[in-house]
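Here the working numbering is used: the first residue of the sequence shown is 14, the next is one more, and so on.
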Amino acid sequence: MSVWLPGAPCTPRACVEATASVRAVPRAVLRLLAVAALVLAGIVLSPLGRRLPAGAVRRWSRAVVGAAGVRIRVTGAAAPPVGGLLLVANHISWLDIPLLAAVRPARMLAKAEIRRWPVAGALTARGGALFIDRDRLRALPGTVARIAGVLRAGQAVAAFPEGSTWCGRAQGHFRRAVFQAALDARVPVQPVRIRYRDSWGAASTAPAYVGDDSLAASLWRVVSVRGLVAEVEVLPLIEPDGHRDRRTLARAAEARSLGRTRRTHVLAPGGRHLVTRAPVGRRPDA
């Protein structure tokens, strides 16, 4: 099993609801054209990279999601606009990436394979993504050090610590490695919770991008469905002070992003141990 990317049991056949209908085709095609136009604009502007104003990046990210026919509902306090920040969230869909960028533009932690993807690979690289080799355990310390350096430089890094996409009705566990970078750089962690709901307000798996699903199939499901809403909850900031190691910091972030509870220990001022609540489930592996 990869230290960065554990497998999720979710599959398109078992977890994802169908959305296609003949009547939805004209609307879906128009949405696809709108998304393609915005992505093309992003490719044209991508050489500017981090010189683009954060507000422009947020608006572009929201526009991509909106063009796919998805309404965005953001709740909670705003993320810190400047300074080093580790932005973490649960992972369901490719839509999660522009949704996080709408909270705060950040350098995305991405698997190395994405470099070879047509269009998306070049766009991701030009956007300043930090690529990781999921299968090389020896590369882990160097990768953590690189992330910490970016955080110390006052930039934001966005990561999905579950390491794999889940359907939204099932969840994984936050793996610990990336949280070491936040501790080393002494920067806060910004947890975010992402949910997708249908027009009736029920949880929707239509946007899920899981298992052997193709990006084209997932994209078509999203643009075909009607009334899809992306809920983005910006949760209270977690300061690194008081967390003795990456395990307790990961558990605290998991508790907020995934909404779980279990007992964990953190250090109070003066070195006293306090028992707090954090995620239920098995211990993360990395």
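Here a beta-carbon is modelled for each residue, glycine too, at the ideal position from N, C-alpha and C. Values in this document were obtained by computation on a predicted structure and should not be read as measured data.
Alpha carbons only, please: which of the options is nearest the one belonging to residue i?
i	options	result
GLN193	ARG206, VAL95, LEU248, VAL170	VAL170
THR88	ILE207, SER212, ALA266	ILE207
HIS256	VAL242, VAL200, TRP213, ARG234	VAL200
ALA138	ALA263, MET121, THR178	MET121
LEU196	SER212, PRO253, ALA76	PRO253
GLU126	ARG40, ASP211, ILE145	ILE145
GLU244	SER227, ALA216, PHE187	ALA216
ASP226	VAL42, ARG210, SER106	SER106
ALA183	HIS104, ALA115, ALA49	HIS104
VAL70	ALA37, ALA41, ILE110	ILE110
ALA11	CYS23, PRO154, ALA49	Examination of residue 11 is not possible in this model, given that the chain is present from 14 through 299 alone.
PRO249	ARG159, ALA41, ALA90, ARG259	ALA90
Compute the distance between the beta-carbons of residue i and residue j, then report whether it is under 8 angstroms.
i	j	result
THR261	CYS28	no
VAL202	ILE251	yes
VAL247	ALA92	yes
ARG75	ILE85	yes
VAL235	LEU108	yes
PRO94	ARG129	no
VAL205	LEU113	yes
GLY181	TYR209	yes
GLY185	SER212	no
CYS23	TRP233	no
Starting from residue i, follow the beta strand (DSSP E) in both directions and report where the run begins and ends.
i	result
GLY240	Premise fails: GLY240 is in no beta strand (DSSP E) and is neither H nor E.
PHE144	143-145
VAL87	84-89
ILE207	202-210
ALA169	169-172
VAL101	98-102
ALA76	Element bounds for ALA76: not the beta strand (DSSP E) but the alpha helix (DSSP H), 67-80.
ARG120	120-124
Counting only the same chain and skipping the five closest in sequence on each side, list residues whose C-beta sits under 6 angstroms from that of residue i.
i	result
SER231	TYR222
GLU30	THR218, ALA219
Let's see if you can read the secondary structure: which residues bound the alpha helix (DSSP H) around residue i?
i	result
ILE110	109-116
GLN193	190-198
LEU334	Because the chain spans 14 through 299 in this model, residue 334 falls outside it and cannot be assessed.
Give every residue of the same chain whose Cβ lies closer than 7 angstroms to the Cβ of residue i, excluding the five residues on either side of it in the sequence, and list them in chain order.
i	result
ARG44	ALA80, ALA81, GLY82, VAL236
ALA198	GLY97, ALA161, LEU164, ARG165
ALA41	TRP233, VAL236, SER237
Excluding the five sequence neighbours on either side, which residues of its own chain have a C-beta within less than 8 angstroms of the C-beta of residue i, listed in chain order?
i	result
VAL157	ALA190, VAL191, GLN193, ALA194, ASP197
PHE187	VAL101, PRO174, GLU175, ALA263, ARG264, ALA266, GLU267, SER270, LEU271, PRO292, PRO297
ALA123	THR137, ALA142, LEU143, PHE144, ILE145
> If we count Cβ pairs, one from each stretch, closer than 8 angstroms, do we get three or more for the stretch 161-177 versus the stretch 100-118?
Replying inline: Below 8 angstroms, enough C-beta pairs join the stretch 161-177 and the stretch 100-118 to call them touching: three or more.
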